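2 protein chains.
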Amino acid sequence: MSRALEKPRTGFLVTFDAAKEPIWSLPGETILDCARRAGVRVSSVCGGRGLCKSCVIRIKEGPAEEASPQDVEFFSPAEIAHNWRRACQTFPVGNCTVEVSARAGAAPLRTQIRSEDVWVHPDPAVRLCPITVTEASLEHPAADDYRLMRALNEKWPGAGSRIDVEVLRTLPSAMRAPDGQLEAAVRFGEVVGVLRPEKKPFLGLAIDLGTTNIAGLLVDLRTGRTLKSEGIENPQATYGADVISRIAHARSSPEILRNLRDLAVRGINDLARTLCAARSLTTDRIAEIVVVGNTAMHHLFLGLPVTHLGTVPFAPVASSPLDVKARDTGLEAMPGAYVHLLSNIAGFVGADHTAVLLAIGSEHERRTILVLDIGTNTEISLLHQGKLTSLSCPSGPALEGGHIRCGMRSAPGAIEAVKITGEEVHFETIDGAHPVGICGSGVLDVTAQLYLAGIVNSGGRMREDHPRVRSRAGQRQFVLADKSQTHGRSVVFTQHDIRAVQLAKGAIRAAIEVLLHDAGLQTGQIDQIIIAGAFGAYIDLANAIAIGMLPDVPLDRIAQVGNAAGIGAKLALVSHPHRVTAQNIAASSRYIEMSGLAAFNTAFMHSIAFPKTRKN
Amino acid sequence: MSRALEKPRTGFLVTFDAAKEPIWSLPGETILDCARRAGVRVSSVCGGRGLCKSCVIRIKEGPAEEASPQDVEFFSPAEIAHNWRRACQTFPVGNCTVEVSARAGAAPLRTQIRSEDVWVHPDPAVRLCPITVTEASLEHPAADDYRLMRALNEKWPGAGSRIDVEVLRTLPSAMRAPDGQLEAAVRFGEVVGVLRPEKKPFLGLAIDLGTTNIAGLLVDLRTGRTLKSEGIENPQATYGADVISRIAHARSSPEILRNLRDLAVRGINDLARTLCAARSLTTDRIAEIVVVGNTAMHHLFLGLPVTHLGTVPFAPVASSPLDVKARDTGLEAMPGAYVHLLSNIAGFVGADHTAVLLAIGSEHERRTILVLDIGTNTEISLLHQGKLTSLSCPSGPALEGGHIRCGMRSAPGAIEAVKITGEEVHFETIDGAHPVGICGSGVLDVTAQLYLAGIVNSGGRMREDHPRVRSRAGQRQFVLADKSQTHGRSVVFTQHDIRAVQLAKGAIRAAIEVLLHDAGLQTGQIDQIIIAGAFGAYIDLANAIAIGMLPDVPLDRIAQVGNAAGIGAKLALVSHPHRVTAQNIAASSRYIEMSGLAAFNTAFMHSIAFPKTRKN
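Residue numbers (the numbering used here), protein chains in the order written: chain U, 8 to 623; chain D, 8 to 623.
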């Protein structure tokens, strides 16, 4: 039970530095809850359950609640005295001003889409047809819809058979343009929008709705070119960093399911407006949207119940591709526009993975290829002899900096690369700023470097005799940057952090082994490993092999393709044939459910340790 | 300009006898506006423009505003002294209690559907398919949608290809029925609802959305039988009795357009709930709805702008048949249910007329038939040699008792039939109650009887030497019932009322003549006249011929078919082939626009007088 339920208090004015206005706390609300309502960014990896250490704040002014026993353990006495607390464990006890720690408040930088753009021959589901409509007269007082359809089908025979009702609502003004010049957006016979001709692009929007970030590509459907791409943090993040936290929250009440849905929808709408504004356009010119995401994101976005996604056998509500009116999703677009969602393969192998498989051209692939999308949940597919097998494993948030003592988002001051030589530690921070914490690629690096430097043994245990290793609250920790370097709290990597990385990389490796064993393959037979996703784009491959996360293949056989899911979404947006291909990919994929699978458990036990041979 | 704009006052407590609670008046609000907000029934034929005399009220307690000059003219000094006023012309000037006159407050009785029910072989667009679904398992963790579609297509090959997104939202609980027994409502491959098997009807709803009344038929789509039919007053009535008033209001602001739409939608939903409740059912079992109405009602129901319906050349926004998700209209039904709207033929020949033509089997008709739907707007079609020609004429509200001095709805106390012999007047009132006013059929009767008795000459002028004729405010009036009979104000029929009926019947007759002339036909060549609609069901045909509204054909050639529009809606609901027929009827109809048509104007001038030969 969250402490919010135990200690209801109410009615204090809470001021966040980052907010425009103070907010009144409600009964039973923590500082984190207040921040959520106020729209203030406070990282909350565990979703406010008191399980992680991400939501660090300080009561700058006003009374502070006595620290909880867990916070006493987590913070130093000096920090407690300075009113540092975890926001999810702290209730306002008076009007107060709250400072959000640099790590918790960091706005992620690397939400930009790091991937090559692709071009595909435009053949979209929706087309823009220029037409000339006539006026109604007393001799021919034909209805607006009739005159529109006649003009459309005269110029584009067979193009149109019906008009969306929301388009009808806009028709009278559109049809009375002085020159009768119009452009009809037509989708499989249905008019989904009517525009005045302007020298502007005909917009489509491809969205990769990730658990952590939402990436968007604004595309001109006539040219197939990406006009602008950008990413934002998924606003659902305050409900936890991983899908399991979100599912747990969504199951707890219909209101929270609705709120999670609203957050995703608002996030996408905000992103869409930003993308359009960058090209002096508006969202009402968006004629079609493709959304991909993992199955939980897909369901939360559509408002589908996720109860059964969180329970054996993890059956999704919907796996087929869907065409849903944008208005039924809440997304902004042309009056009659559709949102297309690619197929989900399984409860934890979602439409985003389908999009990755589409982006890498898996339908033509005859080589033996492993495709990984690493995240809090890692999806892996094996392409072998033209057949596709997929599975997923829960790899947790550690590899993204979650549940790591000094873990943080990819923001300025995040340690992103580490090299340890003897007692010397060299690191790079994002933007070269003073170190604030460690982001995902830094976590992988420091783990590998500690192991390669012999500071951690193959079982994962940290030496205590290294000058940079110290003990705090009964736990060893390696000091990456001390207070002299950080201008604040030191940045450390703890024994617990090592364990968290071991569990994550062990699960990934075990899943790879299950797939290889299922196909009767050895590591050497892998022609290529493709690593998709934001995290995968930044990791040091040698370090990933060094800790045994990836099989030991020559580095040139590994490709980091960045946001392939977004690219797949774009392909499905611009090209209807690609949409059909995506459907075929998902339908022909064999899925292995790993829950309770003995082979996985065995492989996992063998994969937790670091490789016996240190290879640098 | 309405007086509401000239004399803003505010903030008095207005108590209506018929309302549960008093209501605070808003700035500029008349008593009529207050009544609209309070949901109190006050007849307002002209829609509150001060043009008619229907909204009579009395300030029972509290201060009354000085009577307007028009009201001084309309009411007797004694009535003025007793604070009788017109609600649309009166502003609260203090806290007050308001009595609504019996005539203005009368709830209509004759909204029941007076027509024979028809049976048609059930072949609806949506079908109920019993299926047995399997559970998901770890071995086969297939998605809910996949298992549903597999079960559906195994038992009903090719039946299903997609599931509505709202149905998906309900799927997880439905799919986990203990025995796996389900019924899928499927419409052209789309699953629009999933039900637990119950021994209950599979519901469809046919709605005739009339300007005055809304008629509903609740139908079992499996048997084709009507389970229950009922009518209610169209709640839009406070915005005027005729479509022109409604259009004028809707054009004045988007809020009023929205309010008119909401009123229609709420009215239909209320009716649907009442119909379902009568059979212990709920609206979520309604799988399909068919709505017909005149073009203005059709547009107002869908929220389509009606601006151009009120302007030459009166082009509708939409004339094609429409399939719209019930949720996009606001109607209650199964999660994915559709509303089907039949084709409109023209701006003033709507889907209700298409439905009438469907109901009478016009597609097979080779005889020469006139089809009339008489109302404030009268639609007339001529079937001749298998060809269909339609037109409409503005016949005004007089024939429904609107804009008639003592006109009222068909409610208890309404004089509905009149016979004049010498100085004797015999009349029948609805329910045999004390006479309160005159409803539509009474208006036609009294006009004919005054003419036949020689009290009115063929030019329409009233004799002044009849003992029952008196003069008030410079106008002659015939006393049908004096105060001794009415227990209140006497019921009279004025010279103005005669003129109003002359204009109405003249327009109808002129339209008929235009159609006959267009086809080169004489009256004697008419094989049948079919009169549809609520008003038409109650009129005395001999009197209608006596005043020249209808051509002089043998009475046995005239059929009064009642609410044929509702029957047509039912046919289109139960039978998809009939829906296609309706589309063909509308598409093949030739339309004659009469605005500015010289032939109509000439015929109209000739039709205003009563026939030279008095024929009884």
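Every residue, glycine too, gets a C-beta built ideally from N, C-alpha and C.
The structure presented is a predicted model; accordingly, all values stated were derived computationally and were not measured.
Taking 6 angstroms as the limit between beta carbons, can you name the residues of its chain near residue i, skipping five residues before and five after?
{"i": "isoleucine 538(U)", "result": "Leu379 and Gln567"}
{"i": "serine 399(D)", "result": "Phe355, Val356, Asn384 and Glu386"}
{"i": "cysteine 283(D)", "result": "Thr289 and Thr290"}
{"i": "aspartate 124(U)", "result": "Thr233"}
Please classify residue i: is it buried, with 16 or more other beta-carbons within 10 angstroms of its beta-carbon, or exposed?
{"i": "asparagine 591(D)", "result": "exposed"}
{"i": "lysine 60(D)", "result": "buried"}
{"i": "leucine 12(D)", "result": "With a pLDDT of only 36 at leucine 12(D), under 50, the local geometry of the prediction cannot be trusted, and the value read off the model is given with reservation. Counting Cβ neighbours within 10 Å, leucine 12(D) comes out exposed, since fewer than 16 surround it."}
{"i": "proline 561(U)", "result": "exposed"}
{"i": "arginine 479(D)", "result": "exposed"}
{"i": "tryptophan 627(U)", "result": "Since the first and last residues shown for chain U are 8 and 623, residue 627(U) lies out of range."}
{"i": "aspartate 151(U)", "result": "buried"}
{"i": "aspartate 559(U)", "result": "exposed"}
{"i": "proline 84(D)", "result": "exposed"}
{"i": "leucine 459(D)", "result": "buried"}
{"i": "threonine 454(U)", "result": "buried"}
{"i": "valine 587(D)", "result": "exposed"}
Does the CB of residue i have a neighbour CB from chain U at under 8 angstroms?
{"i": "serine 399(D)", "result": "no"}
{"i": "leucine 159(D)", "result": "no"}
{"i": "asparagine 266(D)", "result": "no"}
{"i": "glycine 575(D)", "result": "no"}
{"i": "aspartate 277(D)", "result": "no"}
{"i": "phenylalanine 321(D)", "result": "yes"}
{"i": "serine 595(D)", "result": "no"}
{"i": "alanine 149(D)", "result": "yes"}
{"i": "arginine 93(D)", "result": "no"}
Taking CB distances under 8 angstroms as the criterion, tell me whether residue i reaches chain D.
{"i": "glutamine 119(U)", "result": "With a pLDDT of 44 at glutamine 119(U), under the threshold of 50, the modelled position of this residue cannot be trusted, and the question is left open."}
{"i": "threonine 314(U)", "result": "yes"}
{"i": "phenylalanine 19(U)", "result": "no"}
{"i": "alanine 610(U)", "result": "no"}
{"i": "alanine 143(U)", "result": "yes"}
{"i": "glutamate 262(U)", "result": "no"}
{"i": "aspartate 291(U)", "result": "no"}
{"i": "tyrosine 345(U)", "result": "no"}
{"i": "leucine 329(U)", "result": "yes"}
{"i": "aspartate 152(U)", "result": "yes"}
Excluding the 5 residues flanking residue i on each side, which residues of the same chain have their C-beta closer than 7 angstroms to its C-beta?
{"i": "proline 242(U)", "result": "Leu270, Arg273 and Gly274"}
{"i": "cysteine 62(D)", "result": "Leu39, Val49, Ser50, Ser51, Arg93, Ala94, Cys95 and Ala111"}
{"i": "glycine 68(U)", "result": "The amino acid at residue 68(U) is misidentified as glycine; the sequence shows glutamate. The residues are Cys103 and Thr104."}
{"i": "glutamate 106(D)", "result": "Asp24, Ile64, Arg65 and Lys67"}
{"i": "glutamine 626(D)", "result": "Residue 626(D) cannot be examined here, being either before or after the span of chain D that is shown, 8 to 623."}
{"i": "threonine 314(U)", "result": "Arg258"}
By Cβ distance below 8 angstroms, which residues in the same chain neighbour residue i in space, the five residues on each side in sequence not counted?
{"i": "alanine 405(U)", "result": "Ile411, Gly414, Val450, Asp504, Ala507, Val508, Leu510 and Ala511"}
{"i": "valine 521(D)", "result": "Leu398, Ile599, Met601, Leu604, Ala606, Phe607 and Ala610"}
{"i": "glutamine 529(U)", "result": "Leu523"}
{"i": "isoleucine 317(U)", "result": "Sequence check: residue 317(U) is glycine here, not isoleucine. Cβ neighbours of glycine 317(U) beyond the five flanking positions: Ile251, Ile254, Ala255 and Arg258."}
Give me the Cβ distance between residue i and residue j, rounded to the nearest whole Å; I'm assuming they're in contact under 8 angstroms.
{"i": "glycine 223(U)", "j": "leucine 288(U)", "result": "Wrong, their Cβ atoms sit about 13 angstroms apart, outside the cutoff."}
{"i": "glycine 382(U)", "j": "glutamate 407(U)", "result": "7 angstroms"}
{"i": "valine 498(D)", "j": "proline 442(D)", "result": "5 angstroms"}
{"i": "valine 486(D)", "j": "arginine 470(D)", "result": "Not really, about 13 angstroms apart at Cβ, beyond 8 angstroms."}
{"i": "isoleucine 296(U)", "j": "alanine 248(U)", "result": "Contact doesn't hold; Cβ gap of about 26 angstroms is too wide."}
Less than 7 angstroms between the CB of residue i and some heavy atom of the ligand NAD, yes or no?
{"i": "serine 350(U)", "result": "As presented, the structure is devoid of all ligands, the ligand NAD included, so that no description of it is given."}
task: Pair every Cβ in the stretch 599 to 615 of chain D with every Cβ in the stretch 259 to 276 of chain D, then say whether three or more of these pairs are closer than 8 angstroms.
output: no
query: Contact between the stretch 316 to 326 of chain U and the stretch 187 to 199 of chain U: three or more CB pairs below 8 angstroms?
result: no
- prompt: Is the stretch 563 to 579 of chain D touching the stretch 361 to 381 of chain D in the sense that three or more CB pairs, one from each, lie closer than 8 angstroms?
  reply: yes
- request: Please determine if the stretch 228 to 243 of chain U and the stretch 206 to 214 of chain U are in contact, where contact requires at least 3 C-beta pairs separated by less than 8 angstroms.
  value: yes
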